[in-house]
Structures are given as structure tokens and as C-alpha cells.
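Participant: Take this structure first; my questions come after.
Numbering (my numbering), first residue to last: 384 to 606.
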């Protein structure tokens with residue numbers, strides 16, 4: 384996950400994932416976005432690494448010191464706020480992750496192809512994921528904006544124009560990246576238990592699936 388520093392045989396998998404609704408919904412959103420934005424693996428080196436037989440826990444582990452420090456800095460900024468953070472999610476997949484983490488939002492995307500979680504039914508719509516209405520976003524006085532990293536090039540310059548607003552880009556290009564982002568959001572916003580629950584659901588599913596199907600590669604979906 385990029386944080387602002389003031390600086391599968393898919394048909395078979397789909398059936399088995401229904402036992403784990405949180406995982407199925409988030410992966411389905413990521414896969415749907417794949418068809419909208421183009422299925423290109425932008426991190427071929429990661430593909431090689433993930434095929435070397437490491438455990439699923441190892442693949443989800445956050446080891447980069449800079450990444451860890453960025454999370455700690457972001458967590459400190461959230462703690463320094465006088466109240467609950469005002470968060471805007473700019474894509475359906477990000478909104479769904481926030482729902483699973485039990486995070487309140489003040490802004491959500493408008494979408495005709497993906498369902499936004501019902502808890503955000505009355506939350507202000509900020510426009511499409513690829514081109515949020517920045518006037519609306521600004522009017523919400525967000526403390527944080529969360530968006531997919533696939534749109535970072537287009538959205539980062541717009542987010543930087545907002546004063547007193549932090550932002551983070553979630554890596555939804557792969558299952559591995561997505562669950563690392565989930566762990567980081569849980570740490571930043573004090574939702575560690577919810578993040579751990581989501582991660583545990585996935586690791587349980589993945590171990591069961593690999594045992595039955597004897598696959599070595601963790602599924603990858605471009606976002």
C-alpha cells in the first residue's frame with residue numbers, strides 16, 4: 384500500500400470461495416475491475432517470487448522497513464485527530480474492504496456495475512472511481528482518502544491539492560497485495576481484529592484449496 388508521507392482455475396475457486404463471503408466479494412470486485420481497466424500484471428517479478436513455494440503467511444508478511452515505518456507514521460496521524468477519521472473511499476473494492484474493517488466513511492464512489500455496502504447507503508457519492516468529483520471530495524473535509532494503486536498516476540496530483548488531507552493507495556493488483564493492504568489499514572485505523580479475521584479467512588481457504596488442488600501459485604488478479 385502506498386501511503387502519503389508528507390512527502391485459477393477460477394470456476395472451481397469461485398464455488399469454494401462462497402464458503403468465505405468476505406473473500407469472495409472482495410476478489411469478485413477486484414476481478415470485475417480487472418476487465419474494466421485491463422488485465423496486465425504490472426509486477427512480473429512478484430509473480431516469480433510467489434511461485435517459489437513459500438507459505439501463505441510468508442507471502443502476506445510485511446517485511447519492508449520503509450513500508451512498516453509509513454504505516455507507523457500514518458497510525459500516529461490518525462491517533463492525533465480530535466475525533467474519528469473522516470474517510471473517503473473512491474472505488475467499490477476499497478469501500479467493501481472498509482466495510483469489512485468496520486470503518487465509517489463520509490464519501491463513497493458511484494457505480495452502476497458494483498454494489499456499494501448497504502451501511503454506506505446514505506453516504507455522499509463522490510463520483511466514479513477513475514474520476515472522482517474533487518469539489519465534492521473537498522467539501523467533505525476528509526482526513527483520509529483511500530484509492531486503488533492502479534489509479535495512483537491519475538489521482539495523486541488531485542489528492543495533493545487538498546489541504547490537511549492524507550491519502551493511501553491500496554495495492555489491489557494481487558490477492559497478496561490486497562491482504563497486505565488490509566493488514567496495514569487495520570493497523571492504521573485501529574481495526575487489527577477485523578483485519579486479522581479477514582486474513583485468517585483467506586489463509587484458511589487458501590490452505591484448503593491448495594491441499595485439494597495441489598497448486599503452488601497464489602492467484603493473481605490485475606486491478
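From the three backbone atoms N, C-alpha and C, an ideal C-beta is built for every residue, glycine too.
Rounded to a whole number of angstroms, what is the C-alpha to C-alpha distance between residue 557 and residue 518?
Facilitator: 31 Å
Participant: If we require 3 or more residues per run, which beta strand (DSSP E) segments fall completely within the region 430-497?
Facilitator: Counting whole runs of 3 or more residues, the region 430-497 contains the beta strand (DSSP E) stretches 470-472.
Participant: Can you name the start and end residues of the beta strand (DSSP E) that residue 549 belongs to?
Facilitator: 549-553
Participant: For residue 342, which of 521, 547 and 578 has the nearest alpha-carbon?
Facilitator: Missing from the structure shown is residue 342; the chain here goes from 384 to 606 and no further.
Participant: Would you list the residues sitting across from residue 386 in a DSSP beta bridge?
Facilitator: 551
Participant: In chain order, which alpha helix (DSSP H) runs of at least 4 residues are fully inside the region 534-578?
Facilitator: 535-543 and 558-571
Participant: Output the distance between the C-alpha atoms of residue 466 and residue 552, rounded to the nearest integer angstrom.
Facilitator: 23 Å
Participant: Name the residue from 458, 534, 587 and 499 whose alpha carbon lies nearest to the alpha carbon of residue 575.
Facilitator: 458
Participant: Excluding the 5 residues flanking residue 464 on each side, which residues of the same chain have their C-beta closer than 8 Å to its C-beta?
Facilitator: 526
Participant: If we count the other Cβ atoms within 10 Å of its Cβ and call it buried at 16 or more, is residue 498 buried or exposed?
Facilitator: exposed
Participant: Specify the secondary structure class of residue 499 as computed by DSSP and reduced to three states.
Facilitator: In the structure shown, residue 499 adopts coil according to DSSP, grouped into three states.
Participant: If you follow the alpha helix (DSSP H) that residue 532 is in, where does it begin and where does it stop?
Facilitator: First-last for residue 532: undefined, no H or E at that position.
Participant: Given the structure, does residue 482 come close to the ligand PLP, in the sense that its CB is under 8 Å from one of the ligand's heavy atoms?
Facilitator: Within the structure as shown, the ligand PLP is missing, as the structure has no ligands at all.
Participant: Go ahead and pull the three-state DSSP assignment for residue 613.
Facilitator: The shown model of the chain, from 384 to 606, leaves out residue 613, and the question about it has no answer.
Participant: Bridge partners for residue 508 per DSSP, in chain order?
Facilitator: 491
Participant: Compute the Euclidean distance between the alpha carbons of residue 543 and residue 554, then round it to the nearest angstrom.
Facilitator: 19 Å
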